[in-house]
Amino acid sequence: MRSFLFYLFSILVGAAFFLFARWVGNDYLFFAGYTVLQFIVLATAWNILGGYCGYVNFGSAAFFAAGAYSSVALHKLAAGIDKIFPESLAGLMNMILPLPIPILIVIGGIVSGVIGLGTGYLTLRLRGAFFAIATLALAVVLQTLIVNWDFVGGSRGAYIIRPNDIPILGSYIQYLFLVMLVLSVIAIATARIIERSRLGYGFATIRDDELAAEACGVPTLRLKLIATTISGALMGMAGAPFPYYIGYLEPSSAFGLAYAVNSIAMPMIGGTTSWVGPLVGALLLGIIQQVATVTISSAVNLLIVGLLLVGFVIVAPKGIVGLVQDFMRARASDQGRPTWRSRLAIFANMRPGAR
Amino acid sequence: MQFELLINAIIAGLLLGGLYAAVTVGVSISFGILDIVNIAHPAFIILGSYIAYIVNQTLGVDPILTAIIVLPAFYALGAVVYQVYYASFEKRGQDPLRGLAFFFGLLFVTEVMLILVFGVDYRYVQAPYIDYTLHFGFVDLPLRMLIPCVLSLLMLLLLQLYLSRTFTGRAIMAVSQDQLALQLMAADPIKIKRIAFGISIATASLAGAFLIVIQPLEPSVGREYIGRVFAICVLGGLQSLPGTVIAAMLLGIVESITATFYGPSWAPAVAFGMLLLTLAFRPAGLLGR
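Protein chains in written order, with the working numbering: chain A, 139 to 493; chain B, -9 to 279.
Quick look at the structure:
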């Protein structure tokens, strides 16, 4: 029942914002809103691995760009059908391509999910820090591959000409906004489901004490691989519609450090232990950045994010959500707070067939 | 012709390896020995480069000399950063996630500040030896590569002697292994770590000067070095300085050959590819057990 109310509520909030923006009738609101929603997806995705399992991913930009570039590749494929395919196939391909954006999102998700699985498989058996460094490395390897891959534009970048209108809704940006809105609801719902499932309790035991969890029989490697795959896939899904949003994609913007920093800073500032944190952080930072970009400059808004990140990690390690919880708890008693032991017990009890 | 090209590429790689060793040694100390994942190290190096640049532009002082003069300032900076890190993360218990985010934030803030002050134009320094090249037959030895390489190897030699011969040096090597035993030897582990972290940031000053002597740079160049630095550090076996030199030379040669025969745009992927492979197949490094 609570879940049902949650979905109903999130859809209502999304619909309300969409209708409000339509009522205002300013397309800029959709452009700005799209960016904020995109950050909600990225932050939530990052948090599934970073917040729940405690493994830092510095390569968010790589997963994001992998999704974006898989869309670019498919778009180019559609544009060059006659040159690439033999005549017999060209007719068939013309019917399939160009793919609609929801399908591109699924494909982007699969590509990034596979990349996440691969990176995880190579490095997750080592200490946490190595995984973090490897994700940094991954971003540069992928960027070099893209720069040298002429089909998607190489270092010159690629132009994506998007249709001006779309049936029913009218302007294309409203369509993109709606797609991203649905995607962010999906991302948050995924995070929320994971949090309350056996998987989430397994993740939490890894975060709290991996060695002890392993010794108690928690399949840590498998759980971590699941986390990297889901997290990577969601980031790729956030990236897939991006070329259509931006219109011109080049490697250094797709792999920009801003994505990596934001997707770390937003959950860290919001709070990493629940799905609320990334949402709060992304809304707050996303809106601050939109305002700062318009009123001051885009370099300054990155500085704000960096300083907030450093400040929050030092002063409020549990983020805004943690601060609010501490405030509430200061009045109520400290009873019933989950400990590592109780989480492990729940994890064991939720085993299929345990009851 | 092909052979001469190969020899020149290998020599250029060795010289480049000298620079890489200087860039990495700080991380070998902080990450390898102290277990502090200082991914902001390249940002401190670029900071060093820009200080050398400002002094060179305004007073005309040699960049490497400037770096030696500001060594104590970088040491103090390192000590302060460690103190903040210790008070906010190490003391509260093991939470590597937040420590990583802290250094990532530092990296980012430093880079953005440099961009705000200096812009994204490439900056370079002037020194009498920069445009001079020695020729031995078909082998070219540009002095702007040779001098940083020699000085960097000298710096590593001195550090190695310090770490293996002096009491403080040995205490630094011991601090990550057994803090309690160190306390029993009447050494304060926090103080030892502060000294070691100070030294590791101090090397960034010199490495920064070497870097700007070798190539013109802009603030975001530091990011390219994150992967290189950690690739070398891991490949070299984390806490061994000789391992660092060998790994740096190896990476320099592989990168230089790649750049010569396949084009410079592939060079960045080499380091990172090597890092991924090392992590996957030989995480203990070349000299590890």
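We treat Cβ as the ideally placed atom computed from N, Cα and C, and that holds for glycine.
Beta-carbon to beta-carbon, residue 200 of chain A and residue 393 of chain A are separated by about 7 Å, close enough to satisfy the 8 Å threshold. Check the Cα spacing between residue 162 of chain B and each of B/131, B/229 and B/96: the tightest is with B/229.
For residue 196 of chain A, there is no enclosing beta strand (DSSP E), as DSSP marks it with neither H nor E.
Contact between residue 129 of chain B and residue -2 of chain B is confirmed by a C-beta separation of about 6 Å, below the 8 Å threshold. With fewer than 16 other Cβ atoms from the protein chains shown falling within 10 Å of its own Cβ, residue 267 of chain B counts as exposed. Exclusion of the five residues before and after residue 464 of chain A leaves 456 as the residues of its chain whose Cβ lies within less than 8 Å of its Cβ. Under the 8 Å Cβ criterion, the segment 141 to 153 of chain B counts as touching the segment 189 to 203 of chain B, having at least three qualifying pairs. According to DSSP, residue 464 of chain A shares a beta bridge with no other residue. Here residue 33 of chain B has 96, 97, 100, 101 and 212 as same chain residues with Cβ atoms under 7 Å from its own Cβ, once five neighbours each way along the sequence are excluded. Residue 308 of chain A is bridged by DSSP to A/304.
A buried status is given to residue 366 of chain A, since no fewer than 16 other beta-carbon atoms sit within 10 Å of its beta-carbon. Nearest to residue 338 of chain A by alpha-carbon distance, out of A/376, A/188 and A/210, is A/188. Residue 24 of chain B and residue 192 of chain B do not touch by the CB rule: their CB atoms are close to 14 Å apart, not below 8 Å.
At a cut-off of 9 Å, the C-beta of residue 103 of chain B has a neighbouring C-beta in chain A.
Among the CB atoms of chain B, one or more fall inside 9 Å of the CB of residue 286 of chain A. Cβ-Cβ distances below 6 Å link residue 388 of chain A to 295 in the same chain, with the five nearest sequence neighbours on each side left out; the list follows chain order. Just so you know, the alpha carbons of residue 245 of chain B and residue 437 of chain A end up roughly 32 Å apart. Interface with chain B (9 Å Cβ-Cβ cutoff): residue 157 of chain A is excluded. Within the segment 203 to 232 of chain B, the residues whose Cβ lies closer than 8 Å to any Cβ of chain A are, in chain order, 210, 213, 214, 216, 217, 220, 221 and 224. Nearest in C-alpha terms to residue 192 of chain A, of all of A/375, A/483 and A/270, is A/270. Between the segment 377 to 384 of chain A and the segment 146 to 155 of chain A, the count of C-beta pairs closer than 8 Å stays below three; the two stretches do not touch. Residue 108 of chain B has a beta carbon lying at 9 Å or more from every beta carbon in chain A. For the pair of segments examined, the segment 402 to 409 of chain A was found to touch the segment 441 to 453 of chain A: the number of CB pairs separated by less than 8 Å reaches three. At the C-beta level, residue 315 of chain A and residue 166 of chain A stay beyond 9 Å of one another. Using a Cβ-Cβ cut-off of 9 Å, residue 273 of chain B counts as an interface residue toward chain A, since at least one Cβ of chain A sits closer than that to its own. Contact residues of the segment 21 to 41 of chain B toward chain A are 21, 25, 27 and 29 (C-beta to C-beta distance below 9 Å).
The shortest C-alpha to C-alpha distance from residue 28 of chain B to any of B/249, B/232, B/14 and B/66 is the one to B/14. Around the beta-carbon of residue 156 of chain B, fewer than 16 other beta-carbon atoms lie within 10 Å, marking it exposed. Within 10 angstroms of the beta-carbon of residue 126 of chain B lie fewer than 16 other beta-carbons, which makes it exposed. Against residue 237 of chain B, chain A offers no close residue; the least beta-carbon distance is about 15 Å (beta-carbon pairs closer than 8 Å).
The beta carbon of residue 278 of chain A sits closer than 9 Å to some beta carbon of chain B.
At least one C-beta of chain A is nearer than 9 Å to the C-beta of residue 82 of chain B. Chain B places no beta carbon closer than 9 Å to that of residue 190 of chain A, leaving this residue out of the contacts. Here the C-alpha atom of residue 181 of chain B lies approximately 14 Å from the C-alpha atom of residue 174 of chain B.
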